[in-house]
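Enquirer:
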Amino acid sequence: MKIAVLPGDGIGTEIVAEAVKVLQVLDLKFEMETAAVGGAAYEAHGHPLPEATLKLAKEADAVLFGAVGDWKYDKLERALRPEQAILGLRKNLGLFANFRPAICYEQLVGASSLKPELIAGLDILIIRELTGDIYFGQPRGRRSAPDGHFPGAEEAFDTMRYTRPEVERIAHVAFQAARKRSKRVTSVDKANVLETFQLWKDVVTEVGQQYPDVKLDHMYVDNAAMQLVKAPKAFDVVVTGNMFGDILSDEAAMLTGSIGMLPSASLNASNQGLYEPSHGSAPDIAGKGVANPLATILSAAMMLRFSLNQPQAADRIESAVKDVLAAGLRTADIHSEGTTKVGTRQMGDAVVAAITKKT
Ligand code: NAI
Ligand code: MG
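Below is the structure:
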């Protein structure tokens with residue numbers, strides 16, 4: 001098994017180093033190879049996603065990704081900006097299913113902006129389709145408005161599109177994920193207004209008939225946005241399109257307190273995946289040794305579970321993270337009175353120690 005390690009920019013290098021340390025202590029048989037990506041790759045090779053990096057990612061069984069981006073690259077032309085690296089990886093690896101679990105750890109209940117009773121024990125999974133929808137649909141562009149309220153005025157337009165196979169494959173992913181959890185799927189759409197999401201709803205319903213053991217509900221996206229803050233624990237697996245998923249997954253993330261705790265996985269049809277924290281490169285705290293490495297460490301656990309078929313090793317990491325939180329260790333983003341503030345490296349060391357103590 002081979003893991004491509006792409007630390008990237010800003011805190012990316014700091015947090016990925018901790019996840020690599022954790023992976024190494026598990027004593028599993030895999031090879032890790034590191035390559036430059038994002039701004040770091042632009043500096044070294046003149047391109048945010050060099051051929052060699054893409055080749056390594058394609059050949060590997062999984063990619064562990066840190067973060068890319070920095071304000072200092074804002075003036076570069078779009079194709080050379082660090083963020084193009086993540087888009088290029090998604091496209092070239094065919095990563096169509098984005099998993100974003102929102103889990104509220106017992107010790108961090110107080111870090112949420114919601115009342116403790118609403119989020120204590122929260123464990124939901126948002127599955128976002130990643131390659132279709134209005135973000136990529138053609139035609140798009142600018143023109144002089146041919147009709148409407150202001151004919152002849154400057155107009156911009158995008159096109160929302162989904163094909164049946166695109167919806168089928170993400171629906172299967174959602175039902176299969178639900179089978180391993182509490183067997184409930186909520187499909188989020190806007191079928192009352194949009195034809196695209198009427199097709200979505202029809203196809204998800206059809207695919208659902210192949211999973212009679214999983215309960216399927218449909219919810220309009222505006223209601224889903226309300227229910228996520230009103231009664232988040234009523235959900236289990238939520239599946240939705242690219243744009244609704246972008247928004248709802250950020251909303252769900254914030255239920256749990258800090259973005260420094262949230263992992264993510266992006267998978268393709270052969271379960272090859274890219275694993276990264278939900279946050280970015282945090283240039284405001286980069287190089288200071290204070291970033292929370294737990295989102296990246298938990299992403300490594302998802303990688304072991306989904307792409308490398310090592311569920312027990314994934315459990316060991318997740319349970320070590322709980323132990324470390326229970327011991328009161330906190331990076332600055334989750335620190336509160338009565339807990340012990342630690343830096344990035346100390347947090348990584350503590351997870352490593354918790355794993356080795358149990359073996
Ligand atoms: P960000 O997620 O990097 O930071 C938002 C806020 O959260 C900052 O105050 C930051 O200090 C804090 N934060 C983030 N991760 C943290 C951690 N592990 N521990 C403690 N605090 C943490 O988002 P922002 O500031 O909007 O973007 C910064 C750069 O990151 C931009 O260049 C953006 O394009 C890029 N970005 C990259 C992503 C990726 O690589 N997939 C995703 C999102 C943003
Ligand atoms: Mg987003």
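If you count the sequence shown from 1, position 6 lands on 6 in full-length UniProt numbering, and the numbers rise without skipping.
Even for Gly, the Cβ is constructed at its ideal location relative to N, Cα and C.
Quick caveat, the model's predicted, so the values are computed rather than measured.
(1) Within the chosen definition, does the region 1-11 reach the region 31-47 through at least 3 CB pairs nearer than 8 Å?
(2) Look at Ser264 and Arg142 and say whether their C-beta atoms are less than 7 Å apart.
(3) How would you label His279, buried or exposed, when you count the other beta carbons within 10 angstroms and need 16 or more for buried?
(4) For Ile170, which three-state DSSP category applies?
(5) Can we count Ile86 as close to the ligand NAI, meaning its CB is less than 6 Å from some heavy atom?
(6) Once you ignore the five residues that flank Asp217 on each side, which residues in its own chain have a CB closer than 8 Å to its CB?
(7) Inspect the CB distances between the region 269-277 and the region 314-333 and report whether three or more fall short of 8 Å.
(8) Just to confirm the assignment, what range does the beta strand (DSSP E) spanning Asn98 have?
(9) Are the Cβ atoms of Val22 and Val290 separated by less than 7 Å?
(10) With a threshold of 6 Å, establish whether the CB of Asn242 neighbours any heavy atom of the ligand NAI.
(11) Where Asp74 and Asn192 are concerned, what is the direct C-alpha to C-alpha distance, given to the nearest angstrom?
(12) Quick one: complete alpha helix (DSSP H) runs, 4+ long, within the region 275-336?
(13) Between Asp74 and the ligand NAI, is the CB less than 6 Å from at least one heavy atom?
(14) Verify the contact flag: Asp284, CB atom, against every heavy atom of the ligand NAI, threshold strictly below 6 Å.
(15) Taking only runs that begin and end inside the region 82-137, name each unbroken beta strand (DSSP E) of 3 or more residues, in chain order.
(16) Determine the DSSP secondary structure at Val47, reduced to helix, strand or coil.
(17) Less than 6 Å separating the Cβ of Asn292 from some heavy atom of the ligand NAI?
(18) How many Å lie between Tyr162 and Ala178 at the Cα?
(19) So who's on the other strand from His218, going by DSSP bridges?
(20) Would Ala295 and Met261 be called neighbours here (beta carbons separated by less than 7 Å)?
(21) Taking the C-alpha atoms as reference points, what is the distance between Asp333 and Ala252?
(22) Along the beta strand (DSSP E) that carries Arg143, what are the first and last residues, could you check?
(23) Report yes if the C-beta of Ile317 is less than 6 Å from at least one heavy atom of the ligand NAI; otherwise report no.
(24) Between Gly280 and the ligand NAI, is there a pair consisting of the residue's CB and a ligand heavy atom that are separated by less than 6 Å?
(25) If you draw a straight line from the alpha carbon of Thr356 to that of Val25, how long is it in whole angstroms?
(26) Would DSSP call Pro212 helix, strand or coil?
(27) Return the CA-CA distance between Gly287 and Glu14, expressed in angstroms with no decimal places.
(28) Examine the Cβ distances between the region 233-249 and the region 190-208 and report whether three or more of them are shorter than 8 Å.
(29) Locate the alpha helix (DSSP H) running through Thr356, then write down its first and last residues.
(30) Run through DSSP, which three-state label would Ala36 get?
(31) How about Ile247: is its Cβ closer than 6 Å to a heavy atom in the ligand NAI?
(32) Buried or exposed, going by whether 16 or more other CB atoms sit within 10 Å of the CB of residue 427?
(33) Under DSSP, the beta strand (DSSP E) around Thr240 begins and ends at which residues?
(34) Around the Cβ of Leu125, are there at least 16 other Cβ atoms within 10 angstroms (buried) or fewer (exposed)?
(35) Could you give the residue range of the beta strand (DSSP E) that holds Ala19?
(36) Grab the span of the beta strand (DSSP E) containing Ser264 for me, first residue to last.
Expert: Here's the rundown:
(1) yes
(2) In the sequence shown, residue 264 corresponds to position 264, counting from 1. In the sequence shown, residue 142 corresponds to position 142, counting from 1. Cβ distance not < 7 Å, so Ser264 and Arg142 don't count as in contact.
(3) Residue numbering aside, residue 279 sits at position 279 when the sequence shown is read from its first letter. By the 10 Å Cβ count, His279 comes out buried.
(4) On the sequence shown, position 170 is the one that residue 170 refers to. Three-state result, Ile170: helix.
(5) In the sequence shown, counting from the first residue as 1, residue 86 sits at position 86. True, at least one ligand heavy atom lies under 6 Å from that Cβ.
(6) For the purposes of this step, residue 217 is taken as residue 217 along the sequence shown, with counting starting at 1. Taken in chain order, the residues that qualify are Arg184, Val185, Thr186, Ser187.
(7) no
(8) Here the question's residue 98 lines up with position 98 in the sequence shown. Residues 97-103.
(9) Here residue 22 refers to the residue found at position 22 when the sequence shown is read from its first residue. Here residue 290 refers to the residue found at position 290 when the sequence shown is read from its first residue. Not in contact: Val22 and Val290 (Cβ atoms no closer than 7 Å).
(10) Working through the sequence shown from its first residue, we reach residue 242 at position 242. Outside the cutoff, so no.
(11) Mapped onto the sequence shown, residue 74 falls at position 74. Mapped onto the sequence shown, residue 192 falls at position 192. If I take the Cα positions, the gap works out to 39 Å.
(12) 294-306, 311-326
(13) For the purposes of this step, residue 74 is taken as the residue at position 74 of the sequence shown. Not under cutoff, so the answer is no.
(14) Locating residue 284 in the sequence shown gives position 284, where the first residue counts as 1. Yes, since a heavy atom of the ligand NAI falls inside the 6 Å radius drawn around the Cβ of Asp284.
(15) 97-103, 123-129
(16) Position 47 of the sequence shown holds residue 47. Note on identity: in this sequence residue 47 is His, with Val being the wrong assignment. Coil, per DSSP.
(17) Against the sequence shown, residue 292 aligns to sequence position 292. Asn292: yes, Cβ under 6 Å from the ligand NAI.
(18) Here residue 162 corresponds to residue number 162 of the sequence shown, with the count starting at 1. Here residue 178 corresponds to residue number 178 of the sequence shown, with the count starting at 1. Spanning the two alpha carbons is a distance of roughly 23 Å.
(19) Within the sequence shown, the letter at position 218 stands for residue 218. Answer is Ser187, bridged to His218.
(20) As a working mapping, residue 295 is identified with position 295 in the sequence shown. As a working mapping, residue 261 is identified with position 261 in the sequence shown. It is a contact, given that the beta carbons lie within the stated cut-off.
(21) Translated into positions along the sequence shown, residue 333 becomes position 333. Translated into positions along the sequence shown, residue 252 becomes position 252. So the two alpha carbons sit approximately 18 Å from each other.
(22) Position 143 of the sequence shown holds residue 143. 141-144 is the span of the beta strand (DSSP E), which, as asked, contains Arg143.
(23) Numbered from 1 along the sequence shown, position 317 holds the residue referred to as residue 317. Answer for Ile317: no, Cβ out of range of the ligand NAI.
(24) Within the sequence shown, numbered from 1, the residue matching residue 280 stands at position 280. Indeed, a heavy atom of the ligand NAI lies less than 6 Å from the Cβ.
(25) Residue mapping note: residue 356 aligns to position 356 of the sequence shown, counting from 1. Residue mapping note: residue 25 aligns to position 25 of the sequence shown, counting from 1. Between Thr356 and Val25, the C-alpha separation is close to 7 Å.
(26) The residue you call residue 212 lines up with position 212 of the sequence shown. If DSSP states are grouped into helix, strand and coil, Pro212 belongs with coil.
(27) Counting from 1 along the sequence shown, the entry for residue 287 is found at position 287. Counting from 1 along the sequence shown, the entry for residue 14 is found at position 14. Approximately 8 Å between the Cα atoms of the pair.
(28) yes
(29) Residue mapping note: residue 356 aligns to position 356 of the sequence shown, counting from 1. Segment 344-357, the alpha helix (DSSP H) holding Thr356.
(30) If you number the sequence shown from 1, residue 36 lands on position 36. Correct three-state label for Ala36: coil.
(31) Mapped onto the sequence shown, residue 247 falls at position 247. Every heavy atom of the ligand NAI is 6 Å or more from the Cβ of Ile247, so no.
(32) Residue 427 falls outside the range modelled here, since the chain spans only 1 to 359, and no answer is possible.
(33) Taking the first residue of the sequence shown as position 1, residue 240 is located at position 240. That run of the beta strand (DSSP E) goes 237-240.
(34) As a first step, residue 125 must be located in the sequence shown, where it is residue number 125. The residue in question, Leu125, is buried, as its Cβ has 16 or more Cβ neighbours within 10 Å.
(35) The count along the sequence shown starts at 1 and reaches residue 19 at position 19. Premise fails: Ala19 lies in the alpha helix (DSSP H), 12-25, not in any beta strand (DSSP E).
(36) As a first step, residue 264 must be located in the sequence shown, where it is residue number 264. Per DSSP, Ser264 belongs to the beta strand (DSSP E) from 263-267.
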